[in-house]
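First the structure, in the form of structure tokens, and then the observations on it.
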Amino acid sequence: MASTILPLELIDRCIGSRIWVIMKTGREFSGKLLGFDDFVNMVLEDVTEFENTAEGYKSTSLKQTLLNGNQICM
1 MASTILPLEL IDRCIGSRIW VIMKTGREFS GKLLGFDDFV NMVLEDVTEF ENTAEGYKST
61 SLKQTLLNGN QICM
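Going by the UniProt record's numbering, the letters in the sequence shown line up with residues 1 to 74, in that order.
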């Protein structure tokens, strides 16, 4: 039988790895996951933010950011 992994366990295994987060607003963030809480608020470092504009994707580099878990889509 296959082992079952809970969603928060999967996120916990990703700490220290680069992840890609898609927000409900359509913005996307790629960065190294430093940590998260029970509400899935996430702290990322060495972040690149991607925003879809009329001219195409705009990217912004950030040293560190806090993402609101309520706004995370995937």
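We put the CB at the ideal spot given by N, CA and C, even for glycine.
By the DSSP assignment, the alpha helix (DSSP H) with Glu55 in it spans what residues? Taking the sequence shown and counting its residues from 1, the one referred to as residue 55 is at position 55. Neither: Glu55 is in no alpha helix (DSSP H) and is coded neither H nor E.
Buried versus exposed call for Phe39 [16 or more other C-beta atoms within 10 Å across all chains shown]: Within the sequence shown, the letter at position 39 stands for residue 39. That one is exposed.
Go ahead and pull the three-state DSSP assignment for Arg27. On the sequence shown, position 27 is the one that residue 27 refers to. Residue state, collapsed to three classes: coil.
Would Met74 pass as a contact of Ile5 if the rule is Cβ separation under 7 Å? In the sequence shown, the residue the question calls residue 74 occupies position 74. In the sequence shown, the residue the question calls residue 5 occupies position 5. No, they are not a contact pair.
CB of Asp46 within 7 Å of CB of Lys58, strictly: The residue you call residue 46 lines up with position 46 of the sequence shown. The residue you call residue 58 lines up with position 58 of the sequence shown. Cβ distance not < 7 Å, so Asp46 and Lys58 don't count as in contact.
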